[in-house]
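Working notes, beginning with the structure itself.
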Amino acid sequence: MPTVEWETAPATLRFIEEVERGEAMRLDVAAMAIAAHAYPGLDIDEQLVALDRIARHPDLHRPGVDATVLAEHLFSGDRFLGNTAGYDDPRNSYLNDVLARHLGIPITLVVVMMEVGRRIGVPVLGIGMPGHFLARDARDPDLFFDPFTGAAPLDGAGCRVRFRSVAGAGALWHPAFLAPVGPGEIITRMLTNLQQGAVARRSAEGVWSARLRLLVPGLPGPERRRSANVLGGFGRYTEAARALDALAATLPADEAAVVTTEADGWRARAN
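In the working numbering, the protein residues as written are 2 to 272.
Set out below in structure tokens:
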């Protein structure tokens, strides 16, 4: 439950409500709630109408529409494109901007595919391949898509090629890289992208993206520690210390001692 002032902002309350739904989370709502932190006052429900509009297109209601047809509709031509010219632009991570500009990065383009698919009864899964997010037909375990590069389907071998194009020709491959991930992991990864970019640019979204990451249930301890320290790096010393204290309370004594020392360091800087 919200305990401090920033957590009572409408966009944050909406985010908390969604992430606490677990596997029942509405991915489009949670993603748009992230965007509402970059655009205060953004009407989340009004923005989601854009997805409804896409899903109402007659071409998606003809007999035989499947994930391949959906990908072709969304990602052929210039409908939705991977932003190769401005990959690090934070607007690629804000669902409202992706829908308005028809530009995104792999994970947000996959979210568009998943959410349009859900609306028309074509289930699509998110695949958290390291370095490059993919989509998969929920009904065919060997039918994948990389919306960032277009509509063409991929099989497992094609995914390995895509992975090595990102990670390097000698990068080790594991079949688990193609395991589906749930909505909480997708939202966490979206926030990770924002947090990393904000730290590099020293920009304002570093604070709220770290805060939101810490609100996602089940965030692993190392990730909680990283986001807490991001808060400290942006001058939120007391907030960082409290987040580290909360983490330390869940750890074995030896690990807790290290995290508590970090918390004490931030506390000292607040005095």
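Think of the CB as a built atom: it goes at the ideal place given N, C-alpha and C, for glycine as much as any other residue.
If you compare alpha carbons, which of R119, G185 and D79 is closest to R102? Closest option to R102, Cα to Cα, is D79.
Compute the Euclidean distance between the alpha carbons of E186 and D265, then round it to the nearest angstrom. Rounded to the nearest angstrom, the gap between the Cα atoms of E186 and D265 is 30 Å.
To the nearest angstrom, how far is the alpha carbon of R203 from that of P253? Whole-angstrom Cα-Cα distance: 33 Å.
Tell me the DSSP secondary structure of R137 in three-state form. For R137, the secondary structure class from DSSP, reduced to helix, strand or coil, is strand.
Could you tell me which residues DSSP pairs with F178 in its beta bridges? DSSP lists no partner for F178.
Can you find the residues in the same chain that come closer than 8 Å, C-beta to C-beta, to A12, ignoring five residues on each side of it along the sequence? The answer, listed in chain order, is A34, A37, H38, P41, L43 and I45.
I'd like to know whether the C-beta atoms of T109 and L96 end up nearer to each other than 8 Å. Annotated as proximal: T109 and L96, with beta-carbon spacing under 8 Å.
Three-state secondary structure (DSSP) of L220: Coil.
Backbone CA spacing between D141 and R163 [nearest angstrom]: In this structure, the CA atom of D141 is about 19 Å from the CA atom of R163.
What is the rounded straight-line gap between the Cα of R214 and the Cα of L220? Whole-angstrom Cα-Cα distance: 7 Å.
Alpha carbon to alpha carbon, how far is T69 from L61? Give it in angstroms, no decimals. Rounded to whole angstroms, the gap between the alpha carbons of L61 and T69 is 11 Å.
Of the listed residues M115, L144 and L135, nearest to A56 (C-alpha basis): Nearest C-alpha to A56: M115.
As a quick exercise: from D29, A242 and G83, pick the residue whose alpha carbon is nearest that of R119. Ranked by how close their Cα comes to the Cα of R119, the residues D29, A242 and G83 have D29 in first place.
Nearest to I121 by CA position, among D156, G65 and G169, is which residue? With distances taken between Cα atoms, I121 lies closest to G65.
Got a sec? Which residues, its chain only, sit under 7 Å from T189 by beta carbon, not counting five neighbours each side? Answer for T189: R214, V217 and L220, listed in chain order.
If I measure Cβ to Cβ from V117 and keep anything under 7 Å in the same chain, skipping five residues before and after, which residues do I get? Excluding sequence neighbours, V117 sits near L52, I55, A56, L71 and L75.
Which term fits V20, buried or exposed, when burial requires 16 or more other beta carbons within 10 angstroms of its beta carbon? Its Cβ being crowded by 16 or more others within 10 Å, V20 is buried.
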